[in-house]
Amino acid sequence: MTNPTRVASVAELENVFQQELATDLWAAAETAFALATRSRDLGNWNRSREWAKQCLTLLADFPDETEGDVATKRVSVGGVPLPNYLHEGVLRDRFGDID
């Protein structure tokens, strides 16, 4: 029997991220956010900041003028909940100074 609340491992999410980089950069940004969250939850703050920076880098190529521009397309990635909106302010609120 499978556990419906199982959260993907960092390695599983990294594989998804690599696939999305080639096909859907917005999805890759969402997955980078999930990786930042998962890494933070596992206590790996350095890796969490690296993923948050990667997410910011990807988001820089998208418009951010309206709520629709920054609305996430998925509710979660690999069992990691996503915020309703994904932008620099959310990243800084969740992960602190990521420069």
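0 is the number of the first residue of the sequence shown in numbering that gives the first Met the number 0; add one for each residue after it.
We treat Cβ as the ideally placed atom computed from N, Cα and C, and that holds for glycine.
Assignment of beta-bridge partners to Pro80 by DSSP yields Ser75. Counting only residues of its own chain and dropping the five nearest sequence neighbours on each side, Leu81 has a CB closer than 8 angstroms to the CB of Glu29, Phe32, Ala33, Thr71, Arg73, Val74, Ser75.
In this structure Gln53 is buried. Its beta-carbon is surrounded by 16 or more other beta-carbon atoms within 10 angstroms. For the pair Glu66 and Tyr84, the Cα-to-Cα distance works out to about 7 angstroms. In the displayed model, Ala59 falls within coil according to three-state DSSP, outside both helix and strand. Annotated as proximal: Ala35 and Trp50, with beta-carbon spacing under 8 angstroms.
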